[in-house]
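Visitor: Could you have a look at this structure, given as structure tokens, before my questions?
Residue numbers (full-length UniProt numbering): 1 to 94.
This is how it looks when you write it as structure tokens:
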């Protein structure tokens, strides 16, 4: 590995770390800001952004073959489906 490649890997890791720290601060700020019913969707969006950063950088999904990316996408679709069913159940209760 050349010096340029090592610097690029280090830079990508540091930028990802900084992004995750910013999202952590956003999560912390969200805990103290009363937004009513918007707290849950905003919190889930922040969590999805964190998961996307981890998947793209640390799992290196950008450079993987199509089948692995499809499996990761299918798992996200399945989790979304489970959340949808859970929220539908909660909203339908008296």
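Cβ coordinates follow ideal geometry from the N, Cα and C atoms, glycine included.
#1: Given a cut-off of 8 Å on the beta-carbon distance, is the pair residue 27 and residue 46 in contact?
#2: Report all residues from its chain with a CB closer than 7 Å to the CB of residue 72; omit the five preceding and five following residues, and keep chain order.
#3: Just to confirm before moving on: does the CB-CB distance between residue 53 and residue 20 stay below 8 Å?
#4: Do residue 12 and residue 57 have their C-beta atoms closer together than 8 Å?
#5: Between which two residues does the alpha helix (DSSP H) containing residue 44 stretch?
#6: Indicate the three-state DSSP secondary structure (helix, strand or coil) for residue 57 in the structure shown.
Guide: Per the coordinate set shown:
#1: As a working note, residue 27 is residue 27 in the chain shown. As a working note, residue 46 is residue 46 in the chain shown. The answer is yes: Cβ separation under 8 Å.
#2: Taking the first residue of the chain shown as 1, we reach residue 72 at position 72. Counting only Cβ-Cβ distances below 7 Å, and skipping sequence neighbours, we find 55 and 61.
#3: The sequence position of residue 53 within the chain shown is 53, counting from 1. The sequence position of residue 20 within the chain shown is 20, counting from 1. It is a contact, given that the beta carbons lie within the stated cut-off.
#4: As a working note, residue 12 is residue 12 in the chain shown. As a working note, residue 57 is residue 57 in the chain shown. Cβ distance < 8 Å, so residue 12 and residue 57 count as in contact.
#5: Counted from its first residue, the chain shown places residue 44 at position 44. Note, residue 44: alpha helix (DSSP H), 39 to 53.
#6: As a first step, residue 57 must be located in the chain shown, where it is residue number 57. DSSP places residue 57 in helix when its eight states are reduced to three.
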